[in-house]
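Each remark here refers to the structure printed beneath this line.
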Amino acid sequence: MEGYRKNSHAVYDIKYHVIWVTKYRYKVLKGHIAVRTRELIRQGCEARGITILQGSVGKDHIHLLLSCPPSIAPSKILQYLKGRSSRLLQDEFPELKKRYWGQHLWARGYFCATVGTVTDEIIRNYIANQFNEGKDDIFRIEE
């Protein structure tokens, strides 16, 4: 059970690889702004029970490997982190507010992929061989 996390009703190991970029890919995440961005993302993750396993702040993007509870959807994680960091960074750094006059620091989209220790093939074999009958069916009902 090493590496698994627990809450009151679940044991889990959910990891997401996420990336998002600044609007227009402007290279504004430098110096004090980059340090503050990292700090805000750390605070936001801690408040939601999300663990940052690895991360980096590029000049125009954020790259994270996150471990999070099953109760939080990846879209909600990104909505929260991007929204909060954008608002607070623009309040603290007038040069960002001037450059992003529409109050959108981050581009609309993001990249998200799940990370796991088990391949599709291992899961398929487990499901197919679990009851040792009807191995050719891809979606069986236990009798």
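To convert, note that position 86 of the sequence shown is 86 in full-length UniProt numbering; the numbers rise steadily by one, no gaps. Idealized CB from N, CA, C, for every residue including glycine. Predicted model only: the values in this text are computed from it and were never measured.
Whole-angstrom distance between residue j and residue i, CA atom to CA atom
{"i": "C112", "j": "P94", "result": "30 Å"}
{"i": "H32", "j": "R38", "result": "10 Å"}
{"i": "Q54", "j": "K98", "result": "31 Å"}
{"i": "Y80", "j": "D60", "result": "19 Å"}
{"i": "P70", "j": "Q43", "result": "19 Å"}
{"i": "Y110", "j": "R25", "result": "13 Å"}
{"i": "S8", "j": "E2", "result": "18 Å"}
Nearest residue (CA-CA) to residue i, options the options
{"i": "I72", "options": "I50, R84, I62", "result": "I50"}
{"i": "G102", "options": "E2, R124, K23, Y12", "result": "K23"}
{"i": "I19", "options": "A47, V11, G31, K82", "result": "K82"}
{"i": "L105", "options": "R124, S85, V115, E121", "result": "S85"}
{"i": "R108", "options": "V21, L88, I14", "result": "V21"}
{"i": "L89", "options": "K76, K15, V35, E2", "result": "V35"}
{"i": "G116", "options": "L29, L66, D91", "result": "L66"}
{"i": "E92", "options": "K6, Y26, L40", "result": "L40"}
{"i": "C45", "options": "I62, V28, C68", "result": "C68"}
Nearest-angstrom Cβ-Cβ length linking residue i and residue j, presumed shorter than 8 Å
{"i": "Y4", "j": "Y16", "result": "So it is not a contact: roughly 16 Å between Cβ atoms."}
Residue i - containing alpha helix (DSSP H), residue span
{"i": "Q79", "result": "74 to 92"}
Extent of the continuous beta strand (DSSP E) to which residue i belongs
{"i": "I52", "result": "51 to 57"}
Where residue i falls, given that 16 or more other Cβ within 10 Å makes a residue buried
{"i": "I77", "result": "buried"}
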